[in-house]
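Residue numbers (our numbering): 508 to 647.
Glycine included, C-beta positions come from ideal geometry on N, C-alpha and C.
From a predicted model like this one, the values you see are computed outputs, not experimental measurements.
Worksheet: the structure to be examined is printed underneath.
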């Protein structure tokens with residue numbers, strides 16, 4: 508598509524993301540249909556829509572994915588939230604989750620954007636039915 512429009516990949520990515528932000532429609536590209544490359548990923552879109560309050564069913568209809576796929580994306584995000592809450596080092600996240608650094612970075616950006624404090628993060632996880640325990644880091 509870059510060749511046809513004579514724009515750089517980063518410019519095209521910006522245009523596609525702006526279109527999604529304004530209209531809530533994902534334009535079909537190899538990156539969005541196959542969920543590959545550095546384009547706006549379904550995983551990130553699913554999390555954003557969930558944080559906006561949409562249900563799994565609504566999200567699956569909007570992005571043309573199965574509800575199971577949507578739930579898988581949301582489970583990964585919840586794992587990232589838990590690991591962030593318990594301050595697991597970024598270097599360990601790919602090993603613990605089985606996902607690549609770039610995807611985890613996308614999720615962590617959303618965590619920082621939507622949960623600026625530990626309390627906000629704990630409150631959201633509590634609403635999702637996650638019981639959190641404080642870890643005593645004093646060595647006792």
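{"Asked": "Separation of residue 554 from residue 584, as counted between CA atoms", "Found": "7 angstroms"}
{"Asked": "CA nearest to the CA of residue 534, picked from 570, 619 and 631", "Found": "570"}
{"Asked": "Reduced DSSP secondary structure (H/G/I, E/B, other) of residue 567", "Found": "helix"}
{"Asked": "Inter-residue Cα distance where the pair is residue 636 and residue 536", "Found": "36 angstroms"}
{"Asked": "Cut-off 8 angstroms between Cβ atoms - residues of its own chain near residue 565, not counting five sequence neighbours on either side", "Found": "556"}
{"Asked": "The stretch 517-528 touching the stretch 586-593, judged by at least three CB pairs closer than 8 angstroms", "Found": "no"}
{"Asked": "Distance between residue 596 and residue 602 (C-alpha atoms, nearest Å)", "Found": "11 angstroms"}
{"Asked": "Check whether residue 627 and residue 592 have beta carbons under 8 angstroms apart", "Found": "no"}
{"Asked": "Beta-carbon contacts of residue 577 that lie in its chain and below 7 angstroms, excluding the five residues immediately before and after", "Found": "553, 563, 566 and 567"}
{"Asked": "Helix, strand or coil at residue 642 according to DSSP, with G and I counted as helix", "Found": "coil"}
{"Asked": "Segments assigned alpha helix (DSSP H), at least 4 residues, entirely inside the stretch 588-620", "Found": "600-604"}
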